[in-house]
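Asker: Input: one structure, supplied below.
Number of protein chains: 2
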Amino acid sequence: MAKRKESSTNSENRNYITTCDLTYAVCLVGGRWKLLILCKLEKGKLRFGELRNQICNITERMLTLQLRELERDGMVKRTVYAEVPPRVEYELTEISLKLVPIWGLISNWGAEHRETMLQKNTAEAENLIEQE
Amino acid sequence: MAKRKESSTNSENRNYITTCDLTYAVCLVGGRWKLLILCKLEKGKLRFGELRNQICNITERMLTLQLRELERDGMVKRTVYAEVPPRVEYELTEISLKLVPIWGLISNWGAEHRETMLQKNTAEAENLIEQE
DNA sequence: TAGGGTACTAACAAAAAAGTAAGTAATGGC
DNA sequence: GCCATTACTTACTTTTTTGTTAGTACCCTA
């Protein structure tokens, strides 16, 4: 159905690393826009155009690609309404909903990490000035 | 110190997406081999060569690159011993240690997701056979 | 009949990530 | 002097991901 290529070391390695459940899980949301999309869907269903407007720098092509992969991987559900103009809604699935609380934990950790790095860099900058 | 390029849409978007704490956090471990490396270090310090041997498909170049980024981002600590031949040890930092329990949760979720997808694909395959 | 809205798709180009192969420095032991 | 060991570099190629631009189908409304 989809194009495949399994011979390069590159793709062999992709397979190898995803034998680790943790790496596998992180790869599922590894596309540039995926987590942003999923976060928007946390609050409920959204249409294609709503997602596009809420993620201001994404192109339609990238949004489509990321949504297709998320759908293929069971992370979002896509519902097409037979209307004109077309209406398509996206929502989280049973399994992706289970990640929501974990995203909260990671997000908090991320904020803390950002804080830490900021302080570290400030301290280093001050040391540099002192050395002059 | 390091080469930079800030003008492409590509890198502008990188900056944009990492304003989200969740995306930021996931990007920190987004390199192909990073989580594998971090997992190996969960059990304690390891030397460069030990990491290379435990992650059988990684090249020295990739291991070096990933470790450098992890170090830059405060995720691993690097200790060089002034010996010949050289000895370098890597270990988790205070902040990356805080992620360990979260990795456990994600890992469990990953295993569950894998299970789910397996069943889904089996079911689809059976439907295809019936249709023939 | 021309234009509008929605959710895409296709062909192509640019950028980034990953992989290959062949080095390097330092020094202890033979 | 020569080789082995360790933890890397460097120069280059390949593969993958991301971005740009210009379409498409559908039917409704003016």
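Protein chains in written order, with the working numbering: chain A, 8 to 139; chain B, 8 to 139.
Ideal placement from N, C-alpha and C gives every residue a C-beta, glycine not left out.
For clarity, every value in this text was computed on a predicted model and none was experimentally measured.
Between the segment 62-86 of chain B and chain A, which residues of the former have a C-beta closer than 7 Å to a C-beta of the latter?
Answerer: Flagged, chain order: N64, G81.
Asker: Look up T86/A in the DSSP assignment and say whether it is helix, strand or coil.
Answerer: Of the three classes helix, strand and coil, the one that applies to T86/A here is strand, per DSSP.
Asker: Quick one: what does DSSP say V95/A is sitting in, helix, strand or coil?
Answerer: If DSSP states are grouped into helix, strand and coil, V95/A belongs with the strands.
Asker: Would A32/B pass as an interface residue toward chain A - the criterion being a Cβ-Cβ separation below 8 Å?
Answerer: Yes - at least one Cβ of chain A is within 8 Å of the one on A32/B.
Asker: What does R121/B touch in chain A if you count any residue whose Cβ is under 8 Å from its own?
Answerer: What R121/B touches in chain A: D28, Y31.
Asker: Quick check: is the beta carbon of K52/B nearer than 8 Å to any beta carbon in chain A?
Answerer: It does not: the Cβ of K52/B has no partner Cβ on chain A nearer than 8 Å.
Asker: Should V107/B be labelled buried (16 or more other beta-carbon atoms within 10 Å of its own) or exposed?
Answerer: By the 10 Å Cβ count, V107/B comes out exposed.
Asker: CB-CB under 6 Å to A32/A, same chain, minus the five flanking residues each way: which ones, in chain order?
Answerer: Nothing meets the Cβ criterion.
Asker: Output the boundary residues of the alpha helix (DSSP H) element that contains L33/A.
Answerer: The sequence shown places Val at residue 33/A, not Leu. From DSSP, the alpha helix (DSSP H) with V33/A extends over 28-35.
Asker: Between I2/A and L74/A, is the Cβ-Cβ spacing less than 8 Å?
Answerer: Nothing in the structure corresponds to residue 2/A, since chain A is present only between 8 and 139.
Asker: Which residues in the same chain have their Cβ closer than 6 Å to the Cβ of E96/B, if we skip the five residues on either side of it in sequence?
Answerer: Taken in chain order, the residues that qualify are K52, R54, T86.
Asker: Please report the Cβ distance between E67/A and R59/A, rounded to the nearest whole angstrom; I am assuming they are in contact, meaning their Cβ atoms lie under 8 Å.
Answerer: Contact holds; Cβ gap of about 6 Å.
Asker: Cα separation between T26/B and G37/A?
Answerer: Rounded to whole angstroms, T26/B to G37/A spans 16 Å at the Cα level.
Asker: For L45/B, report the span of its alpha helix (DSSP H) as first-last.
Answerer: Counting along the chain, the alpha helix (DSSP H) containing L45/B begins and ends at 41-48.
Asker: Chain A beta carbons: is any one of them nearer than 8 Å to that of I102/B?
Answerer: Closer than 8 Å to some Cβ of chain A, the Cβ of I102/B qualifies, so yes.
Asker: Under 8 Å by Cβ, that's how I've got L48/A and V83/A pegged, so tell me the actual separation to the nearest angstrom.
Answerer: With 8 Å as the limit, L48/A and V83/A qualify as a contact, their Cβ atoms being about 7 Å apart.
Asker: What first and last residue would you give for the alpha helix (DSSP H) that runs through G56/B?
Answerer: Looking at the DSSP string, the run of the alpha helix (DSSP H) that includes G56/B is 55-61.
Asker: Answer with yes or no whether the minimum CB distance from L48/B to chain A is below 8 Å.
Answerer: Answer no: the Cβ-Cβ gap between L48/B and chain A never drops below 8 Å.
Asker: Would you tell me roughly how many angstroms separate the C-alpha atoms of L72/A and W40/A, rounded to the nearest one?
Answerer: C-alpha separation (whole angstroms): 10 Å.
Asker: Does DSSP put L104/A in a helix, a strand or coil?
Answerer: The answer is helix: DSSP assigns L104/A an H, G or I state.
Asker: Can you tell me the Cα-Cα spacing of E98/B and S15/A, whole angstroms?
Answerer: When rounded, the distance between both Cα atoms is 32 Å.
Asker: Expressed to the nearest angstrom, what Euclidean distance is found between the alpha-carbon atoms of A132/A and L125/A?
Answerer: In a straight line, the C-alpha of A132/A is about 11 Å away from that of L125/A.
Asker: Whole-angstrom Cβ separation of T123/A and G81/B, contact assumed at under 8 Å?
Answerer: Right, the Cβ-Cβ distance comes to about 7 Å (below 8 Å), so this counts as a contact.
Asker: Specify, as a first and last residue, the run of the alpha helix (DSSP H) that T25/B falls within.
Answerer: Looking at the DSSP string, T25/B is not in any alpha helix (DSSP H), and its letter there is neither H nor E.
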